[in-house]
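2 protein chains.
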Amino acid sequence: MSGRITIVDVARKAEVSISSVSSALNGGGEVSESTRKRILAAAKELGWVPSLRGRSLSGKRTFAVGLVVQRQPEVLSSDPFFAAFISGIEAVLEPRGQALVLQMATDAAASTERYRRLSAEHRVDGVFLDEIRVNDPRIALLQELGTPTVAVNSEESGSPFPSVRQSYRQGITEVVEHLVRLGHRRIAHVTGAMDFIHSHQRLDAWRAALAATGIEPGPVFEGDFTLSAGTAAADALLTPDRDVTAIVCANDLMAIGLMARAADLGVRVPRDVSVTGYDGNDMGTYLRPSLTTVMTSPSAIGRSAATMLLDAIDGNPVEDVAIDPARLVVRQSTAAPPTTA
Amino acid sequence: MSGRITIVDVARKAEVSISSVSSALNGGGEVSESTRKRILAAAKELGWVPSLRGRSLSGKRTFAVGLVVQRQPEVLSSDPFFAAFISGIEAVLEPRGQALVLQMATDAAASTERYRRLSAEHRVDGVFLDEIRVNDPRIALLQELGTPTVAVNSEESGSPFPSVRQSYRQGITEVVEHLVRLGHRRIAHVTGAMDFIHSHQRLDAWRAALAATGIEPGPVFEGDFTLSAGTAAADALLTPDRDVTAIVCANDLMAIGLMARAADLGVRVPRDVSVTGYDGNDMGTYLRPSLTTVMTSPSAIGRSAATMLLDAIDGNPVEDVAIDPARLVVRQSTAAPPTTA
DNA sequence: CGCCCTAACCGAAACGTTTCGGTTGATAGT
DNA sequence: ACTATCAACCGAAACGTTTCGGTTAGGGCG
């Protein structure tokens, strides 16, 4: 109904050619100030908004960017990362008239396929690359497609795309130092799914921080970032003859799952064992005990990533961005180890 | 780089006209089986995918649908509803070659503005209308714009758009009956933000269920769906001289916040007070005590909504859909009231 | 006064599809 | 043998912009 008016109607009303209308809007060509005003007035009066359809065909731009998230629905539903990440992206996109195309994929094959189509159909001008995996096939694909891309927390060297990163080292070092200062000497780690590079990053950071304090690394349980992995970790680590007094989890969800199972096993947190998470999930504040964790900034990451991507699309040079490092937040789930030898 | 090939290249390679290529793909016109094969082979060999740019200009279709979510970032970050809802939508969209444009708005004005632009720019073929508010201005707007729209959990009569609904009555009735059966006679309610229609729906259902059992409604605390509203509710309802023995919360987040504060106040759940939520947040399973709640089906709602919207866009008649009602899930946070008079 | 320059504006092509009326050659009917 | 019919295919317009080369009128200059 309302979509009928086009640039032609505006041109007719303002008594100019359509090329002048276009120039008036985009500030491109030479239009006198008086006619520009007349044109804008006519456009406003008619309620004309340039159609993206015509615009993108002509201008080779879509004014949209893509994000493909690859998750098992299970993890997704309780993971707050993406909501905040996306809201950061949107905060940048909206004032610039861009839109976000969000797609979901359940496995790696589906995920690369989505990127391929996004690019082949010209649905977006650029994409975000997040949650990078070991030997991630999307990297080669996006390079081959030539689609402008911004990576999130990619590896610190050799990433072919500009990247925004929030350092995990400091936060995890702070966690370990915090535990050591409390007196812990036997500190375990529950990893994320090991096909993600950030699982390795966090594991390595945990090892390095322990090495720096001269303490032997405790047992490592291989998790997968899910709540249920946390309960499995509890079963594995909280045996009656355990010597572990603290457990560093690679994300909050696993820490929460672990604490739930600990309660079932009669292991008290933090009195019997200290537990830490990673992310800064709101929920952690409302657990009892509340969760000591490392606070990340998904929204800030989204803002930076979006800014970089739009710059890259415009053909401007883009530099890597480092967000202020994720930092330790001490809450109730950590305390001195039990004094019993 | 790879985006250069067009329908013209395919036509040339297959030695036909571009209109035949188009027909071969869309199954529309009359093309012999042999040439159709030849055309498809040529297309495949060249790796041609029809450009959405051209397609949408010509066909007046964008092959995208829009969702605007309006939330304070705070709530969003820990609310799992949207992730599951979106994944349900995507499950339907993807096989049909459609994409989801996701936008975020922080207040009502921004939200209507996003819908307006989405429509004016022709960025999408239709939209979802979710989290409907009392006197929601988006309803009149979308009617005026004429954009195909599917509503989620709209009011049961007088909605101008086809709607998918999951009944809340049964679940809340089950909650109340469950509590009454346990022996509770003084049952409070913590509402959501009262500008949402579903806050009223849940409040009314709570009242009705109590009325049906002949019990007077207990106190009502006006919350806003956030974790911190839950703690405020705890402070208001868990006074030392309280007579309330059970609290029905309008969502899980508030129940979780409430339980956290209850623990701080030394009020034991469920021994001193029973608490229930609404949604079926995964997290509720991993709290101790775990949360008795009403399990909703955001993913199924998303699937139905997407199916309906695509049908509406195709001009097919669309009927309202009712998802299986949300049902009570009993976990640890509910028990018999304390026996002390 | 004639020339060139420039500001201001216009016309038309181009972008990549779909669609629809038109053409062709073969087949069927009488 | 001639025409009506039909399957198969083609040509060109249309969708709504942007862009770029071209035109015009006016002004400055020698």
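Heads up: the sequence lines are chains A and B, in that order. When we follow the working numbering, the leftmost residue of the first sequence carries the number 1, and every step to the right adds one. When we follow the working numbering, the leftmost residue of the second sequence carries the number 1001, and every step to the right adds one. A virtual CB, placed ideally from N, CA and C, is assigned to each residue, including glycine. From a predicted model like this one, the values you see are computed outputs, not experimental measurements.
Around the beta carbon of Ser-34 (chain A), fewer than 16 other beta carbons lie within 10 angstroms, which makes this residue exposed. In the DSSP assignment, Gln-1103 (chain B) is bridged to B:Val-1068. In the three-state reduction of the DSSP assignment, Asp-279 (chain A) falls in the strand class, which pools E and B. Cβ atoms of Ile-1132 (chain B) and Ala-1109 (chain B) stay farther apart than 8 Å, at about 16 Å.
Under the Cβ criterion of 8 Å, Tyr-286 (chain A) is counted among the residues facing chain B. Listed in chain order, the non-local C-beta contacts of Asp-324 (chain A) below 6 Å within the same chain number zero, local neighbours out to five positions each way being set aside. Under the Cβ criterion (8 Å, minimum of three pairs), the segment 1178-1190 of chain B counts as touching the segment 1238-1253 of chain B.
Chain order gives no chain A residues near Glu-1015 (chain B), where near means a beta carbon separation below 8 Å; the closest approach is about 24 Å. A:Ala-91 is the residue among A:Ser-290, A:Asp-252, A:Ala-91, A:Ala-263 whose C-alpha sits nearest the C-alpha of Thr-1106 (chain B).
Contact of Ser-56 (chain A) with chain B by beta-carbon distance below 9 Å involves Leu-1052, Arg-1053, Ser-1056, Leu-1057. Under a criterion of Cβ atoms nearer than 7 Å, the residues of chain B adjacent to Glu-90 (chain A) are, in order, Gln-1103, Met-1104. Look at Arg-1327 (chain B) here: in three-state DSSP terms it is strand. Comparing alpha carbon positions, the residue from A:Glu-30, A:Ala-250, A:Thr-307, A:Val-69 closest to Ala-205 (chain A) is A:Ala-250. Taken atom to atom, the span from the alpha-carbon of Glu-144 (chain A) to that of Ile-1018 (chain B) is near 28 Å.
With a threshold of 8 Å between beta carbons, Ser-87 (chain A) makes contact with chain B.
Secondary structure of Gln-1332 (chain B) (DSSP, three-state): coil. Residue-level contact by beta carbon holds for Ala-1099 (chain B) and chain A, with a gap shorter than 8 Å. Inclusion of Asp-224 (chain A) and Gly-192 (chain A) in the CB contact set at 8 Å is warranted, their separation being smaller than that value.
Shown here for His-1178 (chain B): same chain residues with a beta carbon closer than 7 Å to its own, the five before and five after excluded, namely Leu-1328, Val-1330, Thr-1334 in chain order. If the five residues before and after Pro-137 (chain A) are omitted, its C-beta is found closer than 8 Å to the C-beta atoms of Ala-108, Thr-112, all from its own chain and listed in chain order. About 31 Å separates the beta carbon of Gln-98 (chain A) from that of Leu-253 (chain A), a gap too long to meet the 8 Å contact definition.
The continuous alpha helix (DSSP H) containing Glu-144 (chain A) extends over residues 137-145. Secondary structure in the segment 1247-1321 of chain B: the beta strand (DSSP E) runs of 3 residues or longer, each lying completely within the stretch, are 1274-1276, 1293-1295 in chain order. DSSP, read as helix, strand or coil, puts Glu-1155 (chain B) in coil. Cβ contact annotation for Ser-1087 (chain B) (same chain, cutoff 8 Å, sequence separation greater than five): Ser-1299, Gly-1302, in chain order. Among the residues of chain A, none has a CB under 7 Å from the CB of Glu-1174 (chain B); the nearest is roughly 23 Å distant. In the same chain as Leu-1238 (chain B), and ignoring 5 residues on each side of it, the C-beta atoms closer than 7 Å to its own belong to Ala-1262, Leu-1265, Val-1267, Val-1273, in chain order.
Taking the beta carbon of Phe-82 (chain A) as reference, the chain B residues within 7 Å of it are Ala-1083, listed in sequence order.
When secondary structure is reduced to three states using DSSP, Ser-17 (chain A) falls in the coil class, being assigned neither helix nor strand.
Separation of Ala-1043 (chain B) and Lys-60 (chain A) (C-alpha to C-alpha, rounded to the nearest whole angstrom) is 22 Å. In the DSSP assignment, Leu-1182 (chain B) forms no beta bridge with any residue. Exclusion of the five residues before and after Arg-123 (chain A) leaves Thr-62, Ala-64, Gly-66, Val-101, Arg-117 as the residues of its chain whose Cβ lies within less than 8 Å of its Cβ. For the 8 Å CB-CB criterion, Ala-1312 (chain B) and Gly-1126 (chain B) form a contact. If you look at Ser-1032 (chain B), you'll find it isn't in any alpha helix (DSSP H); DSSP assigns it neither H nor E.
For the segment 247-270 of chain A, the residues whose beta carbon sits under 8 Å from a beta carbon of chain B are, in order, Ile-256, Gly-257, Met-259, Ala-260, Ala-263, Asp-264. In the structure shown, Thr-1006 (chain B) adopts coil according to DSSP, grouped into three states.
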